[in-house]
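As structure tokens, the structure follows; a few thoughts come after it.
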Amino acid sequence: MSPSHQLPKNYDIEEVERRWQSAWRDEDNYFDPNSQKPRFIIDTPPPYPTGNFHIGNALNWCYIDFIARYKRMRGYNVMFPQGWDCHGLPTEVKVEETYGITKNDVPREKFREMCRDLTLSNIEKMRTTMRRLGFSTDWSHEYITMLPEYYRKTQASFLQMLKAGDIYQSEHPVNFCTRCETAIAFAEVNYAPRTTKLNYFDFDGVEIATTRPELLAACVAVAVHPEDERYRDLAGKRLKVPIFGHQVPVIEDVVVDPEFGSGAVMICTFGDKTDVYWWKQHGLDLRKAIDRQGVMTATAAPYEGMTSEDCREAILHDMQEAGILKRQEELEQRVGTCWRCKTPIEILSERQWFVKVHQDQILDQAKKISWTPEHMFARMENWANSMEWDWCISRQRIFATPIPVWFCSTCGEMVLPAEEDLPIDPTVDKPKTPCPKCGGSEFNGEKDVLDTWMDSSISVLHVTGWDGTGKPPLFPAQIRPQGHDIIRTWAFYTILRANALVGGHPWDEILVNGMVLGEDGFKMSKSRNNIISPEEIVGQYGADALRQWGAGGAATGSDIMFNWNDVVAASRFQTKLWNIFRFVMGHLDSGTENPAPVTELTDRWLLVRLSDTVAEVTAAMEGYQFDRALRAIREFAWNTLADDYIEIAKGRLYAEDESSASACSALRTTVDVLCRLLAPIIPHFAEESYHNLTGRSVHKEAWPDFAYADDEARRHGDLLVKTVAELRRYKHDKGMALNAPLGHVMIYAPEPVDDAGDAGRALAADARWSTGTPRLEEVTTGVNFNMAVIGPALRKQARGFMQAVEALPPDLLKNPPATVTVDGEDIPVPPDSFTPKVAYQVAGEEVDVLTLGDVIVTIGHSS
RNA sequence: GGGCUUGUGGUCUAGCUGGUCAUGACGCCGCCCUUACACGGCGGAGAUCUCCGGUUCGAAUCCGGACAGGCCCA
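For our numbering, add 4 to where a residue sits in the first sequence, where the first one is 1.
In structure tokens:
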């Protein structure tokens, strides 16, 4: 269409990408509910709206966008929704920081509003980055979990599971952050190394070692190992707790480690997870010494009102005074901390809401899903098998989905809203009917709110069209793309919830991406100062270069180190492609597509290679192996098309003789197909080129199904390319310029080859192909062994065989004997087990000779 | 402490269903400004494929162990 002189010499990344981003219409990416095409629904991750779409997100979304674009070209009705997982502590903490308040300083609803405002502005920032990266998001399927239309469903899902008995409330030990004043799930506990003191003290005559003396008031038992000789006669007795004076039993349990401390351990409610285990196993008392703010309770009188740290110091001091503190040792330990604020967590017994975890059911469903990479399934399996408690879903916070439950002030009956009245906030709204049990009209709304994972674990139900009951019309989704860091949360909870709410597995496939590491090989973090933002990359090299890095930086699923080199190389590849494209466009006839038949050897060879490439890239895309896809495209475009084909065929194109039409035809096909192959990965470049070529959008075209078989062209073309390459090297070795005339060249090949004069033009030589044999002296210089034949055929005799063959006289190498003698034994020579290495010499003739395989080239002197 | 994963020229990386000569990129050296491209072309140097042991005629590739790194977690 456009003659090449109209194409700018340089590919202006910024200009081209921005131009197409404003030209593309959102509607073209919408999922079509009325379509007859097979559907492909992607349960995309709803990111947390921090305001910063980071490079890890970018990698994740690159994969998603490759898939979405590829599947559209394959004829699928694709849904590529965009969610925002809004609720949770980080935003609350940010608001508290920003306004210098705590959540209790302003009314609940005011605090929520501040959180919502912050979230909306953060979402807007992230949308901008996402659009700049060229993702083909279906913005008509955007969802925001904090908005009523979404959390209505979260509440409906809660009620449905509550009624089914999958959700219950119970007083149970939970992980508790006293800084955030909320319970948190195991998935939210991080572990940090810490040096602490192990304190040995006298406990009614028994030596006890503890890291947490402040919990002495909460001591409910002393435990020893049943086979520990030192404490043989202690079991069953009762001991008096120092300072506090209450009596506790001595119990035996094999979990006690006799090697640790004194071998006798005090059990407190609760110092750690093991305490919870013993407490349950032995039916011990519950003594709450620490409250939700981390302050000592009346149980710990006279230390009541102290923080736990102050209490620790005070108790240690008092033990010292009383002469019962014996010694202290330094101890390295790992302490559970709040994932958000790093405060060490306490284990408190609290009334909380729980979701029942049925590991076996979850694993059954997880096994029905196809995992890429496969080994990621092991993480799911290990996590499921290690679950000890049910999932604690209640939080004592504000910015979250309210738990839609009231309790009757009179009789305590739990009262639920009607499904059609959702969403509700029980701290504001009132039940529409009196208490069904006692007729009371006073209610207490549940103040606890839901864990954010309760919102996001129904994303798949939301995108498949769930309205709060029954089975979603489009369930299950086809694929879930996500990082391996949230397998134990988002993937796990989603499988649990989908199975509980609608039954079955949520997606057919899950594609797990790796983490992005900094250039130094470590996780990106502020403290390491190794953070690279997508904006920084796009600003310098454009979205397509970033996307190439995402595709080719590492095998799908493995962690990927960010690397500027890859981005620079990506950008250079685009420059190369643009020049290829400009060259091709300069030779295509303007106007109608050129239907001339492809007749010439080199042109047919190009199409054979193109056909190979299409097959390879298609297979790679089907398996989500984007690195393989990109590598195959790059190799074809740069090596095969630019360095080999164009260099060989360009003379014919310039000559504009009859045969140039064949080349033009092949080139048009090649460029057309190449644009389509590139479309999912570098959509801007592909669009710009394809539009120049055809006037149409490449993103509305079908994925190429180009197939071209021509064995002769493959064989002869390979021969031609190899020969030209060898002669280039020859020129180089002779110190000649590559376009320097070469004189008379004879190429002796096993079969007649008609290259339409390409070799001659490419080499600036008078080159001729022949099937004859040059009148040369042949000298055998060695043997090439074919290990693939020799190994399996001869096994242990292989080595001896090769030595025997090497010892054969040269004429026998050319005409192998039926047997050779190895260690005095005649063994048969397997067919095709070796070929002689030969060199050719020409006595007295001023001719250079090159041999490559079964091709012999003679070069006459050009002068 | 556990699970998963990785260890390939100066740097990053492919190969890892075993088969003589190990892929590519960046960097380095040399030649070439050949009318698509010097953000290019051609050529070159550079790797005992972490180490030890095993299986095998043959191992970067399979097995065991060691060491080191990473991620996720207890």
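We treat Cβ as the ideally placed atom computed from N, Cα and C, and that holds for glycine.
Since the structure is predicted, the reported quantities are computational estimates derived from the model, not experimental observations.
Tell me, which residues are paired with D787 by DSSP?
-> Locating residue 787 in the first sequence gives position 783, counting from the first residue. According to the sequence as given, residue 787 is Val; it is not Asp. Answer by DSSP bridge pairing, in chain order: P840.
Going by DSSP, which residues form a beta bridge with H748?
-> Here residue 748 is taken as the residue at index 744 of the first sequence, counted from 1. Per the DSSP secondary-structure output, H748 pairs in a beta bridge with D770.
Could you tell me the distance, in whole angstroms, from the CA atom of R608 to the CA atom of S666?
-> Numbered from 1 along the first sequence, position 604 holds the residue referred to as residue 608. Numbered from 1 along the first sequence, position 662 holds the residue referred to as residue 666. Roughly 9 Å between the two C-alpha positions.
Could you check the C-alpha separation between A559 and D548 for me, to the nearest Å?
-> Counting from 1 along the first sequence, the entry for residue 559 is found at position 555. Counting from 1 along the first sequence, the entry for residue 548 is found at position 544. So the alpha carbons of these two residues sit roughly 18 Å apart.
Between the region 418-429 and the region 514-524, do three or more beta carbon pairs fall short of 8 Å?
-> The region 418-429 is not in contact with the region 514-524.
Please work out which residues of its chain come closer than 7 Å, Cβ to Cβ, to P677, disregarding the five sequence neighbours upstream and downstream, and give them in chain order.
-> Against the first sequence, residue 677 aligns to sequence position 673. With the sequence shown as reference, residue 677 is identified as Val, and Pro is not the correct amino acid for it. Same-chain partners within the cutoff: L614, V618, P708, F710.
Do you know how far the Cα of P94 is from the Cα of A555?
-> Stepping through the first sequence from its first residue, residue 555 is reached at position 551. Stepping through the first sequence from its first residue, residue 94 is reached at position 90. Their Cα atoms are separated by approximately 31 Å.
A370: which of I491, D737, A160 sits nearest, CA to CA?
-> Locating residue 370 in the first sequence gives position 366, where the first residue counts as 1. For the residues I491, D737, A160, the minimum Cα distance to A370 belongs to I491.
Might you give, ordered along the chain, the residues of its own chain that have their beta carbon closer than 8 Å to the beta carbon of G249, omitting 5 neighbours on each side?
-> By one-based count along the first sequence, residue 249 stands at place 245. Within the same chain, G249 has no close Cβ partners at all.
Is the beta carbon of S460 sitting closer than 9 Å to the one on G87?
-> By 1-based counting over the first sequence, the position of residue 460 is 456. By 1-based counting over the first sequence, the position of residue 87 is 83. The answer is yes: Cβ separation under 9 Å.
Specify whether the region 294-306 and the region 170-179 touch according to this definition: at least 3 beta carbon pairs, one from each stretch, less than 8 Å apart.
-> Touching, no.
Indicate whether L671 and V749 have their beta-carbon atoms separated by less than 9 Å.
-> Position 667 of the first sequence, counting from 1, holds the residue named residue 671. Position 745 of the first sequence, counting from 1, holds the residue named residue 749. At the C-beta level, L671 and V749 stay beyond 9 Å of one another.
By Cβ distance below 8 Å, which residues in the same chain neighbour H9 in space, the five residues on each side in sequence not counted?
-> Here residue 9 refers to the residue found at position 5 when the first sequence is read from its first residue. Summary for H9: the model assigns pLDDT 47, below 50, so the residue's position carries little reliability, and this model does not support an answer.
Start and end residues, alpha helix (DSSP H) containing Q285 | Taking the first sequence and counting its residues from 1, the one referred to as residue 285 is at position 281. Per DSSP, Q285 belongs to the alpha helix (DSSP H) from 277-286.
Rounded separation between L465 and G474 - CA only = Along the first sequence, read from residue 1 onward, the residue named residue 465 stands at position 461. Along the first sequence, read from residue 1 onward, the residue named residue 474 stands at position 470. Cα to Cα, L465 sits roughly 10 Å from G474.
Comparing alpha-carbon positions, which option in F162, R242, A717, N64 lies nearest L550?
-> Stepping through the first sequence from its first residue, residue 550 is reached at position 546. Nearest option by C-alpha distance: N64.
Kindly indicate which three-state DSSP category D206 falls into: helix, strand or coil?
-> Counting from 1 along the first sequence, the entry for residue 206 is found at position 202. Of the three classes helix, strand and coil, the one that applies to D206 here is strand, per DSSP.
Roughly how many whole angstroms lie between the Cα atoms of N386 and C439?
-> Here residue 386 corresponds to residue number 382 of the first sequence, with the count starting at 1. Here residue 439 corresponds to residue number 435 of the first sequence, with the count starting at 1. Between N386 and C439, the alpha-carbon positions lie close to 45 Å from each other.
Nearest to V516 by alpha carbon, out of N503, W494, N533, K530?
-> Indexing the first sequence from 1 puts residue 516 at position 512. If we check each option's Cα against that of V516, W494 comes out closest.
By Cβ distance below 7 Å, which residues in the same chain neighbour Y34 in space, the five residues on each side in sequence not counted?
-> One-based indexing of the first sequence puts residue 34 at position 30. So the list reads D142, S144, once near-sequence residues are dropped.
Using the C-alpha atoms, what's the distance from Y694 back to T673?
-> The residue labelled residue 673 in the question sits at position 669 within the first sequence. The residue labelled residue 694 in the question sits at position 690 within the first sequence. Spanning the two alpha carbons is a distance of roughly 12 Å.
According to the neighbour-count rule (16 or more other Cβ atoms, all chains shown, within 10 Å of its Cβ), is G795 buried or exposed?
-> Residue 795 sits at position 791 when you count from the first residue of the first sequence. With fewer than 16 Cβ atoms within 10 Å of its Cβ, G795 is classed as exposed.
Is K107 helix, strand or coil by DSSP?
-> Taking the first residue of the first sequence as 1, we reach residue 107 at position 103. DSSP places K107 in helix when its eight states are reduced to three.
Whole-angstrom distance between G469 and Q164, CA atom to CA atom = Numbered from its first residue, the first sequence carries residue 164 at position 160. Numbered from its first residue, the first sequence carries residue 469 at position 465. In a straight line, the C-alpha of Q164 is about 17 Å away from that of G469.
Is there contact here, the region 106-118 with the region 731-747, by at least three beta-carbon pairs under 8 Å?
-> no
P485 beta carbon near the ligand SAH (any heavy atom closer than 8 Å) | As far as ligands go, the structure on display features none, and thus does not contain the ligand SAH.
Roughly how many angstroms lie between the CA atoms of Y752 and L856, to the nearest whole one?
-> Against the first sequence, residue 752 aligns to sequence position 748. Against the first sequence, residue 856 aligns to sequence position 852. Rounded to whole angstroms, Y752 to L856 spans 10 Å at the Cα level.
Could you work out which residue in L500, K244, Q324, D394 is closest to D368 when comparing CA atoms only?
-> Reading the first sequence from its first residue, position 364 is the one you call residue 368. Taking only the C-alpha atoms, the option nearest D368 is L500.
Same chain, Cβ closer than 7 Å to K244, neighbours up to 5 away in sequence not counted = On the first sequence, residue 244 is found 240 positions in, with the first residue counted as 1. If we look at K244 and ignore the five residues flanking it on each side, its Cβ neighbours are D208, Q251.
Is it true that the region 728-738 meets the region 633-640, where meeting means three or more beta-carbon pairs spaced less than 8 Å apart?
-> no
To the nearest whole angstrom, what separates the beta carbons of G138 and E18, a pair I think is in contact under 8 Å?
-> Within the first sequence, numbered from 1, the residue matching residue 138 stands at position 134. Within the first sequence, numbered from 1, the residue matching residue 18 stands at position 14. In fact, because the Cβ distance is near 13 Å, the residues do not count as touching under 8 Å.
Could you name the residues of the same chain whose beta carbon sits closer than 7 Å to that of K527, not counting the 5 residues immediately before and after it, in chain order?
-> Residue mapping note: residue 527 aligns to position 523 of the first sequence, counting from 1. Taken in chain order, the residues that qualify are M519, L521.
Out of L426, R399, E446, point me to the one whose CA is closest to V416's CA.
-> What you label residue 416 is simply residue 412 of the first sequence in a count that begins at 1. According to the sequence displayed, residue 416 carries Gly and not Val. Nearest option by C-alpha distance: E446.
What residue does the alpha helix (DSSP H) around F689 start on, and which one ends it?
-> Here residue 689 refers to the residue found at position 685 when the first sequence is read from its first residue. First-last of the alpha helix (DSSP H) with F689: 687-698.
Tell whether a beta-carbon distance below 9 Å holds between E453 and R399.
-> Stepping through the first sequence from its first residue, residue 453 is reached at position 449. Stepping through the first sequence from its first residue, residue 399 is reached at position 395. Per the sequence presented here, residue 453 reads as Val, with Glu not at that position. Yes.
Would DSSP call S39 helix, strand or coil?
-> Here residue 39 corresponds to residue number 35 of the first sequence, with the count starting at 1. Of the three classes helix, strand and coil, the one that applies to S39 here is coil, per DSSP.
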